[in-house]
Amino acid sequence: MGSKKLKAVSVIASERAVPVADPERLQWLYRSIAKELRGTGGMGQGTEALKRRLNTVNEQLQKEGGGRARVVPCTANCPTPCRLELTDVQGCSFRQKWSGGTACVSNVFRGLKDRSHPLYDWDLGLRRGFELNMHANRLGLNHWDILVGMVPWLRSCEHFGLLSKMDGRPLDWNSSDFWVGMLNDMAYRQGMGDALAEGGFRAASLLNLGPEIVRRYYTGWGFSGHWDGHATFLNKIVYPFWIVGAVHWAMDTRDPASNTHDYVQNVMYWGPFGDFFGRDEPPVTWDQMRGIGQRLYGRSDTLDPLSGYEGKAIPAAYHGVRSVMKDCLPADDQVFPLIYDMNTEDRFFRIDGIDGPDVDAHLFRAGTGVDWGPAEFTRTCERILNLERANVVRHWARDRKMDERVLPSFEYDENWINPEIGERKALDREQFDAVMDEYYRLRGWGVETGWPTRERLESLGLHGVYEEMIAGATRASERLPELPPVRPVEDIHKDDPDRIEVEAIAVA
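This is the structure in structure tokens:
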């Protein structure tokens, strides 16, 4: 995280137009998508909700010393302005004005007092929080690891009496100067920051500081929680929907939610469990959600809050392929695939007879001229996904046993309660095993090994890959040390006062 010779690669676009195969078709698709998305405000927010949010931020800025906020596209030519950009905001720890954007978890630098878990109960205000966001960006630091994994671990170590100072500085989360010092130490690898620069998970071992505590905030593969319903207190998702996220975590080698928001996030944002973005009614009812599940996945229980483990392997497999498809285009993970739409009666996205999930293939054809329909494009992405799996099998002997090493992170009670159920749920290994069995079968992989079969690889035109995969896995098994046993994750938050109170309200 800190003191790397290469911090970033910046690309400046040329003024020359990039040729596309069918510019008229691409323009039509762009405008049609933009019209629908602006009508719904991206993830169900609506333009009025965005305006209200913007007005609130500008009012706060004026109270705290000036500056201006506006909503802009996150990337060039994106049709959905979604990123909050602030200009001329007077610094607090630095004598300068800051201009730049905030996105995703960067807004948490300010603190979430009275809005979230006590782990985030500091209150720096908009101006100080924005300054920390900009300073961390300038230093090239990972906001997600710091705010989702590292800080909760450090605060819990503080709570249990394991930590009171950092390199002589008293812990003061309400001081922006304290934050600046911690960020600088990470970037320049000074003092305790030398270990923190490795990320929270490794730092716990290097410092011998709460190595069991840190596991509560890191779901797997050294990455902090993300749409898992357990490790993180920032992404609200409830049973049974985090079951799909658990499959994605099991299948990946890092945080899988960088390109799989489409199910785990949007089932919460669009459905009745969301905050409705200022509306009196949810963007999509459960009946409509179940209808979309039937249309998209072939089963209504894929989007049913009372469905349990049934049907969850199907969206897990579907969105695994869609993650590859988005990376190939590339398309915005917050928006694609286009599934939900406030402008249609059944809330399923479509433009001029094209179903939303098929739009990706139409964009690809218009841009490249490659004459693929949705089926051909999907098959190509299946090839990529299977080749990626074959590579990790060949080089690291990846198998089902290794996939399942993340599951202890789901085997304690979830952070939030499904209101339709009224009690917390933990992953049931026996029921989840059946989901994994089905997932491997849907992929065409061996249920016992988790390895792509010869038949599956050759059906995708990957001839000769199977033999290399098996030979490599044999060498890897001989070369690599045996992995240590997987231990349960202790839920150090099970007796939190706020959890007990919420539990009582839910039961009542």
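Position one of the sequence shown corresponds to residue 105 (our numbering), numbered consecutively onward.
Here a beta-carbon is modelled for each residue, glycine too, at the ideal position from N, C-alpha and C.
Quantities reported herein were computed from a predicted structural model and do not represent experimental measurements.
- When the alpha-carbon of Trp-555 is set against those of Asn-519, His-597 and Glu-492, the nearest one is in Glu-492.
- No Cβ-Cβ contact shorter than 8 Å links Gly-253 with Gly-205.
- Residue environment analysis places Arg-219 among the exposed positions, since fewer than 16 neighbouring C-beta atoms fall within 10 angstroms of its C-beta.
- Ranked by how close their Cα comes to the Cα of Arg-547, the residues Asp-126, Pro-344, Arg-451 and Glu-486 have Glu-486 in first place.
- Under the three-state reduction of DSSP, Leu-188 is assigned to strand.
- DSSP, read as helix, strand or coil, puts Ser-118 in coil.
- A distance of 8 Å or more separates the beta carbons of Val-368 and Ile-521.
- The beta carbon of Asp-595 lies closer than 8 Å to those of Arg-320, Tyr-516 and Asp-517 in the same chain, with the five residues before and after it left out.
- Look at the stretch 563–600 and you find these whole runs of alpha helix (DSSP H), each 4 residues long or longer: 569–583.
- The alpha-carbon separation between Gly-402 and Gly-415 amounts to approximately 9 Å.
- DSSP, read as helix, strand or coil, puts Trp-132 in helix.
- Within the same chain, Cβ atoms closer than 7 Å to the Cβ of Thr-389 are found at Pro-376, the five residues on either side in sequence being excluded.
- Secondary structure of Gly-460 (DSSP, three-state): helix.
- Every alpha helix (DSSP H) stretch that sits fully inside the stretch 361–407 and reaches 4 residues is listed by chain position as 365–368, 370–374 and 390–401.
- DSSP, reduced to helix, strand and coil, places Trp-257 within a helical segment of the structure shown.
- Under DSSP, Ala-173 takes part in a beta bridge, and its partners are Leu-190.
- Within the model, the alpha-carbon separation for Asn-159 versus Arg-451 is close to 29 Å.
- Short of 8 Å from the beta carbon of Leu-130, and not among the five residues preceding or following it, lie these beta carbons of its own chain, in chain order: Val-124, Leu-467, Ala-470 and Gly-471.
- With fewer than 16 neighbouring CB atoms inside 10 Å of its own CB, Gly-473 falls in the exposed class.
- Under the three-state reduction of DSSP output, Tyr-444 falls in the strand class.
- Here DSSP, grouped into helix, strand and coil, assigns Pro-419 to helix.
- The closest CA to that of Leu-190, considering only Ser-210, Tyr-134 and Cys-182, is found on Ser-210.
- Taking a 10 Å sphere around the C-beta of Ala-575, we find fewer than 16 other C-beta atoms and assign the residue as exposed.
- Residues of the same chain with a CB within less than 7 Å of the CB of Ala-465, apart from the 5 flanking positions on each side, are Trp-476, Gly-477, Pro-478 and Phe-481 in chain order.
- Beta-bridge annotation (DSSP): Trp-549 is paired with Pro-556.
- Closest option to Lys-340, judged by alpha-carbon separation, among Ala-173, Asn-370 and Thr-364: Asn-370.
- Under the three-state reduction of DSSP output, Pro-315 falls in the coil class, being neither helix nor strand.
- Within a 10 Å sphere around the beta-carbon of Ser-260 sit 16 or more other beta-carbons, which makes this residue buried.
- Between the alpha carbons of Val-212 and Val-284 lies a gap of roughly 15 Å.
- For Arg-469, the three-state secondary structure derived from DSSP is helix.
- Counting only runs that start and end inside the stretch 255–340, the beta strand (DSSP E) elements of at least 3 residues fall at 322–324.
- In this structure the stretch 502–513 lies against the stretch 323–335, because at least three pairs of beta carbons, one per stretch, are closer than 8 Å.
- Residue environment analysis places Gly-215 among the buried positions, since at least 16 neighbouring C-beta atoms fall within 10 angstroms of its C-beta.
- Its Cα nearest to that of Arg-533, the residue Val-351 stands out among Leu-230, Ile-137 and Val-351.
- Nearest in C-alpha terms to Leu-433, of all of Asp-359, Met-355 and Val-463, is Val-463.
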